[in-house]
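Enquirer: Take this structure first; my questions come after.
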Amino acid sequence: MFHDNANVVEQTREYLAGIGLRVAPLSTHGVNMPRYAARRDTTHADVRDGLREAGYSVFDAGGVGGDFPDLVVGAHGLTFLIEVKSPGGKVSEGQSRFAANWRGGPVLIVYSLEQALGYIIKHVRGDKPVAPYGKPPIAWGGR
């Protein structure tokens with residue numbers, strides 16, 4: 012559990028900047044309000060809340076900004092980074108760069124709760140390997 016969210020956010024922002032990714036500026040009040048926050052729709056909330064209801068640990072990283080994925084999900088002893096997109100949404104160049112540089116667990120792009128759950132279960136069962144979202148078709152499919 013995170014006890015110092017401000018420190019975690021700052022460390023994450025430093026990591027992103029260190030690998031050359033865009034990091035959204037913090038407001039003068041220390042609260043990150045990226046431009047894309049207004050564009051978040053119910054897809055983000057549906058996926059986040061549904062994963063929590065399924066019993067997974069979910070940290071909503073939407074406030075981190077920059078090209079960091081929307082959700083950090085702990086499931087079955089594994090950690091997944093999940094970028095939630097609205098139908099028709101596209102992955103940015105920076106998000107693809109992040110996935111290519113990430114050395115941890117899978118980075119997924121999903122368009123629905125069902126897709127997120129499906130990727131997690133398939134990965135855990137070993138039915139189908141999960142690739143970072145910068146490498147189609149595995150993480151791009153199923154829309």
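So for the sequence shown, this note's numbering puts the first residue at 12; every next one is plus one. The C-beta atom is built at its ideal place from N, Cα and C for all residues, glycine as well.
Enumerate in chain order the residues of its own chain whose CB-to-CB distance from arginine 63 is below 7 Å, with the five nearest sequence positions on each side excluded.
Expert: Val69, listed in sequence order.
Enquirer: Does isoleucine 30 come out as helix, strand or coil in the three-state DSSP assignment?
Expert: Isoleucine 30: coil per DSSP, three-state reduction.
Enquirer: Name the DSSP beta bridge partners of isoleucine 93, please?
Expert: In the DSSP output, where bridge partners are listed per residue, isoleucine 93 has Leu82, Leu119.
Enquirer: Taking serine 107 as part of the alpha helix (DSSP H), name the residues at either end of that continuous run.
Expert: Segment 104 to 112, the alpha helix (DSSP H) holding serine 107.
Enquirer: Excluding five sequence neighbours on each side, which residues of the same chain lie with their C-beta closer than 6 Å to the C-beta of glycine 73?
Expert: Excluding positions up to five away in sequence, the list reads Asp81.
Enquirer: Kindly indicate which three-state DSSP category aspartate 57 falls into: helix, strand or coil?
Expert: Three-state DSSP puts aspartate 57 in a helix.
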